[in-house]
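Q: Going by the working numbering, the first residue of the sequence shown is number 2, and it counts up by one from there. C-beta atoms are modelled at their ideal positions from N, C-alpha and C, and glycine is treated no differently. Please read these numbers as outputs of a predicted model, since none were measured by experiment. To start, I am sharing the structure in question, which I have written as structure tokens.
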Amino acid sequence: MVTKQIKELEVTKAKIIALEKSIAKRLQKELSTLHDKYGFSSLADFIKALRTGSGPSQKSSKGRPAKAAGKAKRRKRAVITEVTRSDVKKMVESGKTGSQISKSLGISLPSVQNIKKALGLVKARP
């Protein structure tokens, strides 16, 4: 029984490999004639048009991603106010989890944990 299934598996794997090869050949054939489909005389002209149409290159000359113009965007820090602390306290008392609180208030989970610790809402480890 098991040997029959193993043989079926091998046959199926062989079919998959044959199908992958067939798809690869068809894809290669379609890609090689793509420039004709869009009215370009050569593949080089088609590639040049693609590059100009896609905008500036996203890679530097060394093949690494280019740095964005200007400074990198920094994440805005959350301002923890007394209102935020009281909201955290209310939510903890209502049974919300730390991740639910952080998502609803727009602050990080570590901030929620720090607030809970400062308010004495965290159980001490045994």
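Quick check: the Cα distance between Thr85 and Ala73, rounded to an integer number of angstroms?
A: Locating residue 85 in the sequence shown gives position 84, counting from the first residue. Locating residue 73 in the sequence shown gives position 72, counting from the first residue. Looking at the two C-alpha atoms, the distance is approximately 29 angstroms.
Q: Give the range of the alpha helix (DSSP H) segment to which Phe41 is assigned.
A: Here residue 41 corresponds to residue number 40 of the sequence shown, with the count starting at 1. That residue, Phe41, is in no alpha helix (DSSP H); it is neither H nor E in DSSP.
Q: Quick check: Leu44 and His36, are their CB atoms within less than 8 angstroms of each other?
A: Indexing the sequence shown from 1 puts residue 44 at position 43. Indexing the sequence shown from 1 puts residue 36 at position 35. Contact: yes.
Q: Should Ile108 be labelled buried (16 or more other beta-carbon atoms within 10 Å of its own) or exposed?
A: What you label residue 108 is simply residue 107 of the sequence shown in a count that begins at 1. Ile108 comes out buried.
Q: Got a sec? Which residues, its chain only, sit under 6 angstroms from Leu120 by beta carbon, not counting five neighbours each side?
A: Counted from its first residue, the sequence shown places residue 120 at position 119. Excluding sequence neighbours, Leu120 sits near Lys90.
Q: Please classify Leu122: does DSSP put it in a helix, a strand, or coil?
A: Counted from its first residue, the sequence shown places residue 122 at position 121. Here Leu122 sits in coil by DSSP.
Q: Pull up the distance between the alpha-carbon of Leu20 and that of Thr13, whole angstroms please.
A: As a first step, residue 20 must be located in the sequence shown, where it is residue number 19. As a first step, residue 13 must be located in the sequence shown, where it is residue number 12. Near 10 angstroms, if we compare the C-alpha coordinates of Thr13 and Leu20.
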